[in-house]
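Asker: If you're matching positions, the sequence shown starts at -2 in the numbering used here and goes up one per residue.
Ideal Cβ positions, reconstructed from N, Cα and C, are used throughout, including at glycine.
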Amino acid sequence: MFAVTRARKPGRTYKTSNESTTSKIVEIKEIKTQQGVNDQSIDAFSAVMGPEHPGCVGLYGVVVTKTFLKRINGTSEPTLKATNDVVQQMQERMQKMKDQIKKQKRTIREVIADVIAQFQNA
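In structure tokens form, the structure reads like this:
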């Protein structure tokens, strides 16, 4: 995943060099090939990048913490409840908007019918 998210597009120019990233990707690939030969279980990313910073989870971004992941993956009731509440509110808003559109369509049809009736009587 580290290599895929840091791949550069061919033919595009960049302001910064990616030599450090490229060398780390090569190291990760080398560790993975050695791991296949030796049948050892080594976390290639952690071996190259070093240990994670306290409270952070690698490859998830700065804001994501281990506690946050546990809440989502484990007992995610607070997160799901908040998400369900937002979804329900959005559905209610959509239903109100649909009702308003139906009312406006009826009004427009009535106005058009009145205009046509006036032209026919004139």
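1) Tell me whether T18 sits in a helix, a strand or coil according to DSSP, three-state version.
2) Does the Cβ of P75 have 16 or more other Cβ atoms within 10 Å, making it buried, or fewer, making it exposed?
3) If you run the structure through DSSP and keep just helix, strand and coil, what is D111?
4) My output table needs one value for K26: the three-state DSSP class, helix, strand or coil.
5) Take T30 as the anchor and find which of K6, A41 and R5 has the nearest alpha-carbon.
6) CB K4 to CB I28, shorter than 8 Å?
7) Measure the Cβ-Cβ separation of K21 and M46 and say whether it is below 8 Å.
8) According to DSSP, is K12 part of a helix, a strand, or is it coil?
9) Can you tell me whether D40 is helix, strand or coil according to DSSP?
10) Spatial neighbours of E24 within its chain, please: CB distance less than 7 Å, with the 5 preceding and 5 following residues excluded, ordered by chain position.
Answerer: Working from what's here:
1) Residue mapping note: residue 18 aligns to position 21 of the sequence shown, counting from 1. If DSSP states are grouped into helix, strand and coil, T18 belongs with the helices.
2) Residue 75 sits at position 78 when you count from the first residue of the sequence shown. Confidence in P75 is poor, its pLDDT being 49 and thus under 50, which makes the residue's placement unreliable; the coordinate value appears in the next sentence. Counting every other CB atom within 10 Å of its CB across the protein chains shown gives P75 a total below 16, marking it as exposed.
3) As a position in the sequence shown, residue 111 is number 114, starting the count at 1. Three-state DSSP puts D111 in a helix.
4) For the purposes of this step, residue 26 is taken as the residue at position 29 of the sequence shown. The three-state secondary structure of K26, taken from DSSP, is helix.
5) In the sequence shown, counting from the first residue as 1, residue 30 sits at position 33. It is A41 whose Cα lies nearest to the Cα of T30.
6) For the purposes of this step, residue 4 is taken as residue 7 along the sequence shown, with counting starting at 1. For the purposes of this step, residue 28 is taken as residue 31 along the sequence shown, with counting starting at 1. Here residue 4 is Ala; the residue named in the question, Lys, does not match the sequence. It is not a contact, given that the beta carbons lie outside the stated cut-off.
7) Indexing the sequence shown from 1 puts residue 21 at position 24. Indexing the sequence shown from 1 puts residue 46 at position 49. Going by C-beta atoms, K21 is nearer than 8 Å to M46.
8) For the purposes of this step, residue 12 is identified with residue 15 of the sequence shown, where counting begins at 1. Looking at K12 - three-state DSSP - the assignment turns out to be coil, as it is neither helix nor strand.
9) Start at 1 with the first residue of the sequence shown, and residue 40 comes out as number 43. Residue state, collapsed to three classes: coil.
10) If you number the sequence shown from 1, residue 24 lands on position 27. So the qualifying residues of the chain are V45.
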